[in-house]
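Chains U and S, in that order, give the protein sequences.
Just add 625 to the spot in the first sequence (first one is 1) and you have this note's numbering.
Just add 1 to the spot in the second sequence (first one is 1) and you have this note's numbering.
Think of the CB as a built atom: it goes at the ideal place given N, C-alpha and C, for glycine as much as any other residue.
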Amino acid sequence: MTARIGVVTFPGSLDDRDTQRAIRLAGAEPVALWHKDQDLKQVDAVVLPGGFSYGDYLRAGAISRFSPVMETVIEQAKAGLPVLGICNGFQILTEAHLLPGGMLGNDHLHFICRDQKLRVENAETSWTGDYRAGQEIHIPLKNMDGRYVADRYTLDKLEAEGRVVFRYLDFNPNGSLNDIAGITNEAGNVVGLMPHPEHAVEPLVGTGRTDGLPFFTSILKKLVNA
Amino acid sequence: MARVVVDVMLKPEILDPQGQAVQRALPRLGFEGISDVRQGKRFELEVDGPVDEAALARIRDLAESFLANTVIEDFTVRVDEVAEATK
């Protein structure tokens with residue numbers, strides 16, 4: 626039996642179908658979840674996809690964080706369910722306090738869309754096992770509110786515990802502190818990042834590279850071997 | 002009915018590029034001597050019934066859990082005295 630990976634659609638999600646496709650390409654079964662579902666349909670992992678849920682009103686991810694599906698996601702993430710938040714999904718994870726710090730508007734106040742170089746800093750999380758620590762990858766980045774901020778204590782703690790999972794290389798696209806592109810929780814099951822691995826899974830589109838696919842093969846391998 | 006105002010501001014140590022963009026435009030408009038601008042959000046809540054201590058406590062909970070993200074923002078809650086005076 627193959628792994629079932631849920632993808633939540635919120636009102637305003639954009640990348641839910643691309644994420645489902647990436648999961649299918651990796652060999653797992655994507656399961657569509659709706660933001661009003663409280664039942665996670667017995668999935669083995671959950672992805673919160675990119676987009677502009679609730680129009681990013683109030684703060685990016687702030688309204689989605691209180692949707693019925695998130696009650697269950699928060700509870701199960703704390704119990705070890707692997708959860709990946711991409712872009713808007715990352716913003717939702719910080720608003721839900723499943724990941725520390727917060728996401729604010731880019732320091733240059735513009736929407737940004739580019740092919741971004743990243744360094745994989747932590748290849749031990751549920752979602753990064755198929756990378757090597759120190760590996761440099763290119764995946765697309767597109768956001769308005771991508772500036773990761775946290776207080777000095779939290780930043781020092783993240784760095785000391787190796788919980789910065791991805792760092793921007795060559796160019797900091799949004800003013801994120803410590804060039805942080807993605808982080809994980811203490812247990813390593815919850816990961817959030819601003820760039821979009823689901824847009825780099827087929828050579829024909831996007832960057833022409835498939836540097837994003839290991840996210841989805843990593844979790845599949847982790848679940849199958851569990 | 003009464004109005005309660007919740008003001009939300011980014012914490013002082015957090016960079017506010019929107020406020021800076023506004024501040025940089027000021028000399029062009031002939032406003033001198035303003036060295037810093039920070040931009041926040043104001044929520045006006047029309048409350049049914051009396052705004053007693055219990056109602057304010059509920060609004061503070063609302064502000065803390067939803068209207069502000071206290072990881073990055075501070076907030077204040079107050080009764081709108083002008084709205085009170087005109088009723």
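Local conformation of residue i per DSSP, three classes
{"i": "N713(U)", "result": "helix"}
{"i": "S638(U)", "result": "strand"}
{"i": "E33(S)", "result": "coil"}
{"i": "R684(U)", "result": "coil"}
{"i": "N731(U)", "result": "coil"}
{"i": "E82(S)", "result": "helix"}
{"i": "G20(S)", "result": "helix"}
{"i": "D8(S)", "result": "strand"}
{"i": "I630(U)", "result": "strand"}
{"i": "P693(U)", "result": "helix"}
{"i": "T77(S)", "result": "strand"}
{"i": "L673(U)", "result": "strand"}
{"i": "D770(U)", "result": "coil"}
{"i": "Y793(U)", "result": "strand"}
{"i": "Q40(S)", "result": "coil"}
{"i": "I60(S)", "result": "helix"}
{"i": "A3(S)", "result": "strand"}
{"i": "A748(U)", "result": "coil"}
Cβ shell of residue i (< 8 angstroms), same chain only, five flanking positions each side left out
{"i": "P828(U)", "result": "R834 and T835"}
{"i": "L650(U)", "result": "V826, E827, L838 and F841"}
{"i": "V52(S)", "result": "A3, V5 and V80"}
{"i": "P636(U)", "result": "H660, S678 and Y679"}
{"i": "G676(U)", "result": "F635, G637, S638, L639, D640, D641, C712 and N713"}
Chain-order list of residues whose beta-carbon lies under 6 angstroms from that of residue i (same chain, five-residue window excluded)
{"i": "K853(U)", "result": "The structure shown does not extend to residue 853(U), since chain U spans only 626 to 851, so no value can be given for it."}
{"i": "R629(U)", "result": "E654, V656, V668 and D669"}
{"i": "I648(U)", "result": "I630, P655 and F841"}
{"i": "F44(S)", "result": "V7 and L68"}
{"i": "V38(S)", "result": "G20, V23 and Q24"}
{"i": "R61(S)", "result": "V78"}
{"i": "L848(U)", "result": "A628 and D669"}
{"i": "T697(U)", "result": "Q663 and L665"}
{"i": "Q645(U)", "result": "V632 and P655"}
Same chain only: Cβ atoms within 7 angstroms of residue i, ignoring 5 sequence neighbours per side
{"i": "A55(S)", "result": "none"}
{"i": "D643(U)", "result": "E823 and H824"}
{"i": "L706(U)", "result": "A670, V671 and N814"}
{"i": "M10(S)", "result": "R39, G41, E74 and D75"}
{"i": "R772(U)", "result": "M728, L729, G730, N731, D732, N799, G800 and S801"}
Distance between beta carbons of residue j and residue i, contact taken as under 8 angstroms
{"i": "T750(U)", "j": "V790(U)", "result": "6 angstroms"}
{"i": "G831(U)", "j": "P765(U)", "result": "6 angstroms"}
{"i": "D770(U)", "j": "G730(U)", "result": "5 angstroms"}
{"i": "E720(U)", "j": "R744(U)", "result": "Actually they are not in contact, since the Cβ atoms of E720(U) and R744(U) sit about 26 angstroms apart, beyond 8 angstroms."}
{"i": "A702(U)", "j": "N814(U)", "result": "7 angstroms"}
{"i": "L780(U)", "j": "I717(U)", "result": "So it is not a contact: roughly 21 angstroms between Cβ atoms."}
{"i": "G787(U)", "j": "S843(U)", "result": "Not a contact, Cβ separation roughly 17 angstroms."}
Proximity to residue i [Cα-Cα], best of the options
{"i": "H763(U)", "options": "F796(U), A812(U) and L665(U)", "result": "F796(U)"}
{"i": "T634(U)", "options": "L818(U), L658(U), Q760(U) and V698(U)", "result": "L658(U)"}
{"i": "Q760(U)", "options": "G800(U), N747(U), G817(U) and P725(U)", "result": "N747(U)"}
{"i": "Q40(S)", "options": "E47(S), E74(S) and G50(S)", "result": "E74(S)"}
{"i": "I805(U)", "options": "D755(U), K742(U), A812(U) and H733(U)", "result": "K742(U)"}
{"i": "L723(U)", "options": "W752(U), A704(U) and Q645(U)", "result": "A704(U)"}
{"i": "R607(U)", "options": "S843(U), Y778(U), G817(U) and A812(U)", "result": "No answer is possible for residue 607(U): it lies beyond the span of chain U, which begins at 626 and ends at 851."}
{"i": "K12(S)", "options": "V708(U), D664(U), G727(U) and R690(U)", "result": "G727(U)"}
{"i": "A812(U)", "options": "W752(U), L845(U), R772(U) and M819(U)", "result": "W752(U)"}
7 angstroms Cβ cutoff, residue i in contact with chain A
{"i": "R788(U)", "result": "Of the protein chains in the structure, U and S, none is chain A."}
Closer than 6 angstroms: residue i CB and nearest the ligand GTP heavy atom
{"i": "G20(S)", "result": "Absent from the structure shown: the ligand GTP. Ligands present: none."}
Inset, instruction - Give the residues from the segment 5-23 of chain S that approach chain U closer than 8 angstroms (Cβ to any Cβ), ordered along the chain. - result: L11, E14, I15, L16, P18, Q19 and A22
Legend entry - Near-chain S residues of the segment 762-774 of chain U - C-beta to any C-beta below 9 angstroms: R772 and V774
Legend entry - Under 8 angstroms (Cβ pairs) to chain U, residues found in the segment 67-82 of chain S: F67, L68, N70, V72 and I73
Inset, instruction - Return the residues of the segment 715-727 of chain U that lie within a Cβ-Cβ distance of less than 7 angstroms from chain S, sorted by chain order. - result: E720, G726 and G727
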